[in-house]
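Here the sequence shown is numbered in this note's numbering, starting from 331 and rising by one per residue. Each residue gets a CB set at the ideal place from its N, CA and C atoms; glycine is no exception.
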Amino acid sequence: MHATPDEDHRLAHRCTEREFTDRLPVHPTMPELLAHRADHDGSAPYLTFHGADNTAIVLTYRDTLRLSRRLAAWAARELGVRPGDVFALAPVNELRSVTAVFGLLLAGCSLLSLNPADPAGRITQQAEALGAKALLRAPDADADATVPWTTLPDPRELPAADDDWTGPDLDPGADALYFGTSGSTAASKLVAQSHYNGAVNAEALRRHHGLGPGDRFLGCLPVHHVNGMHFTLFGTLAAGAHGILLTGLDPFGYPRVLTEYRPRIASVVPSILETLLQTWRSPRFPPEFDYFVSAAAPLSRSTAREVHERWGVRILQGYGLTETTNFSTTMPRGLSDAAYRALMLDCDIPSVGTALYGNEVAVLRPDGQRAEPGERGEVCMRGHNVMSRYQGNPEATAEAFADGWFHSQDLGYEVVEPETGLRFVVLTGRAKNIAKVRGETVSLEEMERALKTLPAVRDAACGTAPDRFLGEVVVAAVATADDTTDAVLLEHLGRFFDPAVLPARFVRLPSIPRTATGKVLRPKLRELLAAPTQALPATGPRA
């Protein structure tokens, strides 16, 4: 007998038999945690914003709470904020954006986190789907000017009388954050994350990496992204550590930042490591440095080996989805040299590690039973970090939580490491046609549909090609009625997608290979798209 959707939902949020309502011992909301840090570690540095011009702004924990309260009071006065309101925010790695995140959460609001680079159509449709009260951005955000933005003020210039502003009591189970998944506009699913989801993920990161007061954490990923938000901002907060947040990545300046701030951990994506391997001629790491954490896109064995051999440091690869509030697994620290080499350097595919605190991860067979080590199946998760739902999409939510697990649609297998006896996850591919380019997720079917809205395109299909720097890039096959140029195709797709994920190459075909029922023959398509590609051709997108 099949379980009901409600029962599946309950089971997907259990962890080692602990019900979701039986809260783990964490501060259940980020505002509560920030207030705790301000009371106990108020003068300690929380965030240093390091600018491209090498200027730095340092916020202590007390500063962050004080300025976030000012921002909340401003929003109440100027925007009529009420508890339960939804605001859309296009944050960037700077002070206004970060204090807006905390300020609006303090005020009892939930936030839709937007990519500032997204086209206006995607931004407005996501905001409208949630009934967002306003769309907010910092002056530094390079966002589409046709969107009716409200510009965030500098909280340092707001009245000091608001330093003691207090917000409502918060329900840990209430929605705190929304993130869009892959897709162009309305087809993109909106993931609802609760305050408690974020708190569990932050505590898991603190425990897994042994972060604590005095540790420095270097982050350069954008805070609009689930990794930048939850790891750099919230994980650092849970630990009482000091986060250094770069406003952007300068590969030539990165070594200087490492020397200046002496972090113990640095958060990256594989393309950043690839770029540094090309540009960093005389690498020197401070003695405090332990390792890089790499996530958001697959890490190749060659990159892991080159970093280890040339720089003498480790990469701990992690894995998770927006639906699991950031990290589900990460390679453990403290592995022996032999174990690390077997799992990361002398294997076909580097492992993404073991399950983090608060969640379980398993590779399941199609019948729902756990696969044996080495047997391939679907990677599934359950626990206290699993999203509440896909907002406004109960059918997709029920499908995702079928049989009491969250179904990632990623494929892989588990390896038992003999020294620890732990199961390590290895990812082998995706069950559906989703690509990850520069850490951003894009639906290939969405891109196909967008291409076919151009009158000159008779048919289209998209695939991926490996890329040394980006992990993979999108390659599009098109059957056109005329000699439509790549530039026209790119301009059209730019109305729907972030420029960073646009196709690196177009292949002209007389027809797209399809079955009799109209489904794309993906294996045949892969053969047709298999020619080598450059990451950024002359007609391609620029990041």
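(message) Taking the alpha carbon of PRO853 as the reference point, which residue from LEU823, ARG611, VAL805, GLY793 has its own alpha carbon closest?
(response) The residue with the shortest Cα to Cα distance from PRO853 is GLY793.
(request) Pull up the CB-CB distance for PRO449 and ARG825, whole angstroms please, since I reckon it's below 8 Å. (result) 5 Å
(request) Per DSSP, which residues does GLY801 bridge with? Please list them. (result) ASP797
(message) For a test of the three-state rule: what should DSSP assign to TRP479, helix, strand or coil?
(response) strand
(request) With a threshold of 16 other CB atoms inside 10 Å of the CB of PRO498, please say whether the residue is buried or exposed. (result) The residue in question, PRO498, is exposed, as its Cβ has fewer than 16 Cβ neighbours within 10 Å.
(request) May I ask you to verify whether the segment 648-660 touches the segment 524-531, counting CB pairs closer than 8 Å and requiring at least 3? (result) yes
(message) Just to confirm my understanding: we take ASP812, look at its own chain, exclude 5 residues before and 5 after, and list those with CB closer than 7 Å. What are they?
(response) ALA786
(request) Put GLN721 into one of helix, strand or coil per three-state DSSP. (result) coil
(message) Tell me the rounded alpha-carbon separation between ARG386 and LEU548.
(response) Here residue 386 is Ala; the residue named in the question, Arg, does not match the sequence. Spanning the two alpha carbons is a distance of roughly 14 Å.
(request) State the CB to CB distance for the pair PRO485 and LEU401, rounded to an integer number of angstroms; the pair is presumed to be in contact (CB under 8 Å). (result) 5 Å
(request) Could you tell me if LYS766 is buried or exposed, where buried requires 16 or more neighbouring beta carbons within 10 angstroms of its beta carbon? (result) buried
(message) With the cut-off set at 7 Å, would you say PRO421 and VAL553 are in Cβ contact?
(response) yes
(request) Give the DSSP-derived three-state secondary structure of MET360 in the structure shown. (result) helix
(request) In angstroms with no decimal places, state the Cα-to-Cα distance between ALA728 and ASP336. (result) 8 Å
(message) Does the segment 486-506 come into contact with the segment 386-400, if we say contact requires no fewer than three beta-carbon pairs (one atom in each stretch) closer than 8 Å?
(response) yes
(request) Pull up the distance between the alpha-carbon of ARG695 and that of LEU741, whole angstroms please. (result) 10 Å
(request) Could you tell me which residues DSSP puts in a beta bridge with ASN689? (result) GLY713
(request) Could you tell me the distance, in whole angstroms, from the CA atom of TYR376 to the CA atom of THR394? (result) 8 Å
(request) Using beta-carbon positions only, say whether ALA276 and TYR391 come within less than 7 Å of one another. (result) The displayed coordinates of the chain run from 331 to 873. Any statement about residue 276 would go beyond what the structure contains.
(request) Could you check the C-alpha separation between ASN423 and ALA405 for me, to the nearest Å? (result) 20 Å
(request) Out of ALA761, ARG635, ALA532, state which residue places its alpha-carbon closest to the alpha-carbon of ILE679. (result) ARG635
(message) Quick check on the DSSP output: the beta strand (DSSP E) that includes ALA596 runs from which residue to which?
(response) For ALA596, the uninterrupted beta strand (DSSP E) segment begins and ends at 595-598.
(request) Pull up the DSSP beta-bridge partners for PRO375, would you. (result) THR390
(message) Which same chain residues end up closer than 7 Å to PHE736 when comparing Cβ atoms and leaving out the 5 residues on each side of it in sequence?
(response) ALA342, GLU653, THR654, CYS710, MET711, ARG712, VAL716, ALA730
(request) State yes or no: is the C-beta of ASN531 within less than 7 Å of the C-beta of HIS560? (result) yes
(message) My parser needs the alpha helix (DSSP H) runs of 4 or more residues fully inside the segment 421-473; what are they?
(response) 425-436, 450-460
(request) Using the Cα positions of ALA506 and ALA430, report the straight-line distance between them to the nearest angstrom. (result) 13 Å
(message) At the level of alpha carbons, what is the spacing between ASP667 and ASP620?
(response) 14 Å
(request) State the Cα-Cα distance for the pair ALA627 and LEU425, rounded to the nearest angstrom. (result) 27 Å
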